[in-house]
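Quick note on numbering: the working numbering labels position 55 of the sequence shown as 43, and the sequence is numbered without any gaps.
Structure first, then comments.
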Amino acid sequence: MAYCILIRHGRSTANTQGVPAGWTEGVALDETGIARAAALVDRLDGTPLVHLASSPLQRCRETAEPLLGAHGLEARVHEGPGECRHGAWTGRSLKDPVKEPLWRTVRDTPSEAVFPDGETYPGEGIAVMAQRAVAAIREIDAAVSEEHGAHAVWAAVSHGDIIKAIIADAVGTPLDDFQRVHVDPASISVVHYTDSRPMLLRSNDTGSSSLRPPAPKAESTKGGDAAVGGGAGLGSGS
């Protein structure tokens, strides 16, 4: 089967504001995100990409643009790897939801977490999100393999929680443990679906071995738990 490169979108304005963007329109990359999206071309230099799928959301499409130009490809927009639908949590500061019981469920037993519907955006269960994302990636991978051969390489530009769920599935980890996985903005992970089982070949590769731990956060988020949506990344500043 083909090799799937999972790329999280570059840092967005919502990441730096600390809000779950969900399916909000118009959430763009910030200056750092734009630079890191451009840097993907050099980081993946020599990679023979034959297909690039993208979440429909602007921050992913913007991240994909430099790679599309470098490889002469057209983006194949696919809703399957689109962001989790955060419903009533969409656009809210995370200082508010951390006080709600659902926050602990998202953190400790995400397979049971369901984001409530909001006035503007519908909610979604994390388990439903994971099922559609994994199904979409496996479907695209099979189609790329059939069209381009067993060793073809393709990429999907998606979101933090989506990629975490795909990685958890690939390594046989229960969804309730997927918060142990970190997927930073503009990071690269690689999954290879073989005839017998998926293989995780790379995870959260940001192209650097340096590590700058983030500044201490408020008591409500103490403990290093993964942020809803994936957060702004280690060493990325505020």
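Beta carbons: idealized from backbone N, C-alpha and C, even for Gly.
Alpha carbon of Pro54 to alpha carbon of Pro69, nearest angstrom: In this structure, the alpha-carbon of Pro54 lies about 19 Å from that of Pro69.
Whole-angstrom distance between Arg31 and Val122, CA atom to CA atom: 25 Å
CB-CB length for Arg(-4) against Val171, believed under 8 Å: 5 Å
Three-state secondary structure (DSSP) of Gly225: The pLDDT assigned to Gly225 is 36, lower than 50, so where the model puts this residue is not dependable; a value taken from the coordinates is nonetheless given after this. If DSSP states are grouped into helix, strand and coil, Gly225 belongs with coil.
Alpha-carbon to alpha-carbon, Leu82 and Glu127: Straight across, the Cα-Cα distance linking Glu127 with Leu82 is about 34 Å.
C-beta atoms of Gly(-2) and Ala25 nearer than 8 Å: yes
Start and end residues, alpha helix (DSSP H) containing Ser133: 114 to 136
DSSP bridge partner residues for Cys(-8) (one or two, in chain order): Trp142, Val179
Contact set for Ile(-7): own chain, Cβ-Cβ below 8 Å, skip 5 residues either direction: Leu32, Thr35, Leu37, Val141, Trp142, Ala143, Ala144, Ile176, Ser177, Val178
Per-residue burial, Ser184 [other beta carbons within 10 Å of its own, 16 or more giving buried]: exposed
Exposure of Lys87, with buried meaning 16 or more beta-carbon neighbours within 10 Å: exposed
Through-space distance from Arg49 to Pro186, alpha-carbon basis: 26 Å
Rounded C-alpha distance that separates Gly21 from Gln5: 14 Å
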